[in-house]
Each structure stands twice: as C-alpha cells, then as structure tokens.
Amino acid sequence: MPELSTNERNRLDELDSYHILGEIEQSDYDFITKVASQICGTKISLISLIAEDKQWFLSHHGLEIRETPREFAFCSHAINKPEDVFIIEDSRKDIRFKENPLVTGDPNIVFYVGVSLVSEKGYPLGTLCVIDDKPKHLSTEQIETLKMLSKQVMQVLELRKKSIVLKELNDKFLKTEKLFNESQRLNKIGAWELDLNTGITHWTDEVYNIHELPLDFNHNFVNAIDFYHPDDRNLITKALNKTLSRGINFDVVCRLITAKDKLKWVRVTGIKWNQIENQPKLIGSFQDITKIKLAKERLDESLAKNKAIFDASSLVSIIITDVSGIITGFNKGAELQLGYKAVEIIGKHSIERLHSKTEIEAVGKELSKKLNTKIEGLDVLFSNAKLGIPETRNWTYIRKDNTDYPVLLSISAIKRNGDITGFLSVGRDIYKIKKVEKDLISLLNISEDQNGRLKNFAYIVSHNLRSHSNGIAMLLDLLKNDNPEIYENDLIKHLQKSSYNLTDTIKHLTDVVQINAQTKDNFIVVPLRPIIEKNCSSLLSLAKKNEVKLKNEVPDNINVIGITAYIDSIILNFLTNGIKYSSKNRVSFIEIKAELVEEFVMLTFKDNGLGIDLKKHGHQLFGIYKTFHKHEDSRGVGLFITKNQIESMGGHIEVESEINVGTTFKIFLKSKK
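Per the UniProt record's numbering, the very first residue in the sequence shown carries number 1; after that it's consecutive.
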C-alpha cells in the first residue's frame, strides 16, 4: 500500500460530502464503464472510490465483487499522482504488484490503466480504470478518451452532489417556511409587500386570515387601505407616504374592520426595500394585537383603580417596600398619619425609620424565642410574611415630629412568579381605640372594685338582716306561746306575715350572692333525667291537685356540665311555675324534652297554661320581684334566680309564649364533650 498524502483527511471528508458510498448501481455510471471497456478492449472497467480502508466500486463492468481492501488496490497508487494516468502494462513484472492477491488470484490483474477522478476542490476521489488478465498497450487516442470519460464521471457526481445539496436546501426551506407560517399563525403576524413599480401587493396567508378573507381575494393598495377604521385611515396613509417620500420606517397601531365586520386592533410596520436594482418595494409586517390591546386596556384600568384606591385610602396608611425595606410606595393615608410627603420618603428611606427601635428590639426578642433563632432588624417586621404567615399586630409608628402613633399593622409579601419582590404594610389608626381601651381598663378596675364592695355589702346585709329577722321571728313565737289570744289581733297577724316575708327576702338575697360567688371549678357532669324524675315525683301530688300531666321525655344519655344544686333548682322552678300557672279551662300538661344543639343541651319546658304577654312584659320577664299573674305564692324571684343560675354555668335562656295558649322555656346548658 502506498504512503498516504498529507491531505488524506481532507480528501476523505470530500469523498463523504458526495454521499455516494454504498449506493446501488445506476445506469449512468454503468454506461460509462461499458464504453471504457469497449474502447480500451479490456474485460473489466471500474469506477473505483478510495475510502479509508477499502476501495468501493460505484460501477463494476466485468467484475462481480463491489469492493476490495484498500491495501491491495491499484487505484490507491493512481490517486497519489492525480494529474497523471497510472499505467501498468504487466503487473507480473512490477515489484509493487507481482505478489498482490489480485494479481496472483482473481481477477488475475495483469494490465491496469487508471485515470483519477478529481473533484472541483482538487481532491482525487478514486479512478476510472480498465483492467485485463493479459498484457496490453493503449494508444494515445484511447488514453485521451479514457480521460474524457473520467471527466464525464465527475460531472455526473458533481451534478448528483448539487442535486443533494439543493434537495437539502429545499427541505430546509420547506421546514423553515412551515415553521414561519406556523409562527405567523400562532403569533397572528403576517408579512406584506408592495411593488412600487407595478403597484401589485403580496400578502402571506396570515394577513388574509387577519382580514378574514379567502386566499384568492384580489387585493391592492387602495382596497387594503379601505379595511382600516375610517378614523385611522389617515394615520396609516401618512405613515406610508413618509416611508415612500423620505424612507422613514413606520410602526403604527390602528383599528381594522374585517371582511366579516369585526373590529380588530393591528400593528403595521413597514420599510422601503431597494436590494434589487430598479425594483423598489415596501415590505413590512401585519400583526393582530386585539387580545394584547384589550389585555393592556384591562391592565391599565386595573392599575388606575388600584392607584385610585391607593391614593384615596386616607383612613389607612399603605406603605410598599422592596425586599431590602426601602420604601417604594407611600399613600395619602400614610402622608396624613405620619406627616411625611411621599416625595420625601420614597426611594430614600427604609421602613425602619418609621418604627420604634425599642419596640422592634422587644418584638425581635419575642420572635427569636418563639422561632428558636435570632430575629433582628427588618426580619422582625417581615419574618412571618416571608414564611407566608399572615400577621396583624399592634405597632408604634414614629411621626415626622417624633411623636408616637399606634397602628394596627398587617404585613404581607408581594410575589411575582413565586418570588418575593417586596412587602405591603397596611396600617389602621388605632389612636382613638387605644384611648378608649385605656378608659375601659380604668372603668373595669373601678367596676371590679365596686363589685367587690357591693358583694361585701350584700354579705354583710344578708348576714345582719338574717340575725335580726331570726330574732324577730323568735320573739313572735315566744309571744304566741305565752299569749296565744294576742294572735287574734289583726296587727299581730300582719306583723308575723311581714316577718315571714322578710325572712324570704333575706333568703333570696343570700341565693343571689351565692350564685355570683360560684366558679367553673365547681362544675361537674350532671345527668338530667334522674333529677327531672325526682322533681316530677316530688310534685306529683301538687300536679294531680291542679290536674296537670307531667311528661318527661328526656333521654337517659343526656348530660350537662354545671352545678347539681342549680340544675335541681332550675328544674323545680319551671315545673312549679308550669303547675302554678296552668289553665283551668283545659287539660293541662308540662312537656319536658332535651336535645343537642351544637355545644349545648337544649332543655325545653313546654306547657299549655295561661301564657305571658311578651310584647308587654318581655323586657322585664327575668327582673327581680316581677310577677305577671295573680297567685298567692307569686314572689317575682324565681325567674330572676333561675336566669342567674343558668348564666353562671355558661348557658342562656329563651322563651316563647302566647296568652291563653301556653309557654315554652328553652334552657341552653353546656353539653358534656
């Protein structure tokens, strides 16, 4: 095998560029090898291409195989001197080839003549060669003809290569055109052209689509202008004229009325194009921006509304900062509350300037302890907002005049695409609220002191009065025992009745004091049904006497949280009232039920008795010493004490009543969870 040339790599790359290796036989090449064999009088004629490790036959007249190893190829020697014709008249006598397997075996090469196939770039790709198994000699005319045939081979190869390149370019163009058209469709943008010599206009498909026209519409410069909104035709005409007369590029936005009478917004651009001599043109783009325009209008409207809200909110301060705390927004409310003008503070100061340093340090210590990490500076204000935790707390702003200004401040993060870009601080003036709160605390302290004094007074009064009342009662009893006849005196009878009433009053006062002294620590789980059954049993005789039927429909599993004695007293009071104020005109009943209503047990006492005029007496129904029917046992204390007992256990009472129809009391007591 001969030595390789220094440009062998370039030669192989050039061969690859023809994309010919491995191609099937083609008649163009086979015709040339057949003619070459006939002219030279040889059994074999080949178009041989020398690859990196083999010689491959593009055409192989007189030979069945299509390739041989390059190391045995005669053509490898021929391409080393492409400018010469490589001639071996008897290989058996040539030291280079006499031991060659292609000489000693099939196809028994004795005679060989090869003419290099040289590309347009000067690289030898292979040879057109003639071969025979006998010694031969070619005439000058035969050799010249062989050279001409080799050039013919290269012309066919070059033509094929150019065809491949053209096909690739065409495929690439078609792909680009497809992408271009698809891009135009997706972006609603087309292209147009106006030939200034002929006045002929050209549109891409998307321009037709935007106009809602068929692709065969006969458009021109004049009717194209007619599609624009009447108020915008002058705008587009002026833009075109400037480009025509002065070569100024234009870019305008105007309205278009489509063939289907639909209003669209379009962006039209144009330039004067003189790339081809004596063929001036205007070319440009045509884009449907209706959605963009409408979206921008909505955005502008939204921004205008937000700005109006931002500027009009004089009752609250709205302050916007960037991530570093620099103030970027400062509304009218902030100006009024803090004394700064927006121009004094926007972009110039951090929001820390508006806060009490002492307060920030105190809150920072609180947060550091809570989050188990050191929180200081701006992080005190923004740490929760950064974590997406909404927070509203009392802060103290420092006005321009250095006075304190209490606000209820809500701070939240401003995000764009998931990233925090700033913070929004909305503060409400709570100066008056703080003042009212201070006054309320003062009043509460006074009330607590007065309540304590009143409670002590009630204890003292109930204790002392009870002692004197008991003394009076004992004296009356002694007087009765010693002088029984004196009780025939009406004055003495009235005195004894007054003594009994005083004792009852003192007992009621003591009950009220005891109710107010109870706490939740005394509460236990109390089953209702057993207590109701006990009281119904105790009152059975009284109920029969008054012809009242008692119906206990409370389930066994209903329990409440409270004080047993109070619940017993409440049940007894409503049962005795129901019996006491039953109607004599019908069969009377008291119906007791209970059901769960959220966190409460609703205990219901329903009767068909005399009823109460709620319009007249509803506002004083639970007042002390208030009675609504004449009865010898009426004192006007029962409902007052009952209501206080219910409320002291965290419950409440409701009433429904109609005169001469009946009354329903609904007692709500805390349910056992």
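In this text, a Cβ means the ideal position worked out from N, Cα and C, and glycines have one as well.
- Message: Going by beta-carbon coordinates alone, are isoleucine 50 and glycine 62 separated by less than 9 Å?
- Response: no
- From glycine 122 to asparagine 278, what distance separates their C-alpha atoms? 40 Å
- Per DSSP, the bridge partner or partners of threonine 396: Pro406
- Task: Excluding the 5 residues preceding and the 5 following arginine 635 in the sequence, name in chain order all residues of the same chain whose CB lies nearer than 6 Å to its CB.
- Result: Here the model assigns arginine 635 a pLDDT of 49, short of 50, so the residue's position is not dependable, and the following value carries that caveat. For arginine 635, where only same-chain residues beyond five positions count, there are no Cβ hits under 6 Å.
- What separation, rounded to the nearest whole angstrom, lies between the Cα atoms of residue 674 and leucine 603? Because the chain spans 1 through 673 in this model, residue 674 falls outside it and cannot be assessed.
- Query: Starting from lysine 34 and walking both ways along the alpha helix (DSSP H), at which residues does that stretch end?
  - Reply: 27 to 40
- Apart from the five residues just before and just after asparagine 522, which ones in its own chain have a Cβ nearer than 8 Å to its Cβ? Ile563
- Message: Just verifying my parser: in three-state terms, what is the DSSP assignment at asparagine 489?
- Response: coil
- CA-to-CA distance, aspartate 429 to lysine 307, given in whole angstroms: 21 Å
- For the stretch 293 to 308 and the stretch 384 to 396, state whether three or more C-beta atom pairs, one from each stretch, are separated by less than 8 Å. no
- Proximity of cysteine 655 and isoleucine 612 at Cβ, strictly below 9 Å: Checking the sequence shown, residue 655 turns out to be valine, not cysteine. Taking 9 Å as the Cβ cut-off, valine 655 and isoleucine 612 qualify as a contacting pair.
- Identify, in the order they occur along the chain, each residue of the same chain with its Cβ nearer than 7 Å to the Cβ of cysteine 75, setting aside the five sequence neighbours on each side. Ser48, Ile50, Gln55, Gly114, Gly126, Thr127, Cys129
- Item | Beta-carbon contacts of residue 690 that lie in its chain and below 7 Å, excluding the five residues immediately before and after | Nothing about residue 690 can be read from this structure; the chain reaches only from 1 to 673.
- Which residue from Pro555, Leu575, Ile411 puts its Cα closest to that of serine 541? Leu575
- Task: Could you tell me which of Asn546, Ser27, Arg586, Ser569 sits nearest to isoleucine 579, measuring between CA atoms?
- Result: Asn546
- Query: Taking just the CA atoms, how far does leucine 4 sit from aspartate 132?
  - Reply: 27 Å
- Query: Nearest-angstrom Cα distance between histidine 631 and asparagine 559?
  - Reply: Any reading at histidine 631 needs caution, since the residue's pLDDT is 48, under 50, leaving its predicted position unreliable; the model's value is listed next. Spanning the two alpha carbons is a distance of roughly 34 Å.
- Is the stretch 353 to 370 touching the stretch 393 to 408, taking contact as three or more C-beta pairs under 8 Å? yes
- Does the stretch 202 to 217 come close enough to the stretch 251 to 266 to have 3 or more Cβ pairs within less than 8 Å? yes
- Query: To which residues of the same chain is leucine 12 closer than 8 Å at the C-beta, ignoring the five residues directly before and after it?
  - Reply: Ala51, Glu52
- Please work out which residues of its chain come closer than 7 Å, Cβ to Cβ, to residue 678, disregarding the five sequence neighbours upstream and downstream, and give them in chain order. Since the displayed the chain opens at 1 and closes at 673, residue 678 lies outside it and no answer follows.
- Query: Closest to glutamine 155 by CA distance: which of Phe330, Tyr18, Asn660, Phe589 is it?
  - Reply: Tyr18
- Could you check how far apart the C-beta atoms of phenylalanine 250 and threonine 269 are, in whole angstroms? I think they sit under 8 Å. 7 Å
- Item | Under the three-state DSSP convention, the category methionine 602 falls into | strand
- Option nearest histidine 77 by Cα separation, candidates Pro124, Ser37, Lys93: Pro124
- Message: Rounding to the nearest angstrom, what Cα-Cα distance links threonine 505 and glutamate 359 in this structure?
- Response: Per-residue confidence for threonine 505 stands at a pLDDT of 49, beneath the threshold of 50, marking its modelled position as unreliable; no derived number is given.
- Task: With a floor of 4 residues, list each alpha helix (DSSP H) that falls wholly inside the stretch 209 to 237, ordered by position along the chain.
- Result: 221 to 226
- Is aspartate 16 helix, strand or coil when you go by DSSP? helix
- Look at the alpha carbon of serine 150 and the alpha carbon of serine 116, and state the distance between them as a whole number of angstroms. 7 Å
- Assumed close pair leucine 194, lysine 281 - CB separation to whole angstroms, cut-off 8 Å: 6 Å
- Query: Are there 16 or more other CB atoms within 10 angstroms of the CB of threonine 663, so buried, or fewer, so exposed?
  - Reply: buried
- Cα-Cα separation, glycine 651 to leucine 528: 15 Å
- Message: Under DSSP, the alpha helix (DSSP H) around aspartate 568 begins and ends at which residues?
- Response: 564 to 580
- Rounded Cβ spacing between aspartate 322 and glycine 422 (contact assumed at less than 8 Å): 5 Å
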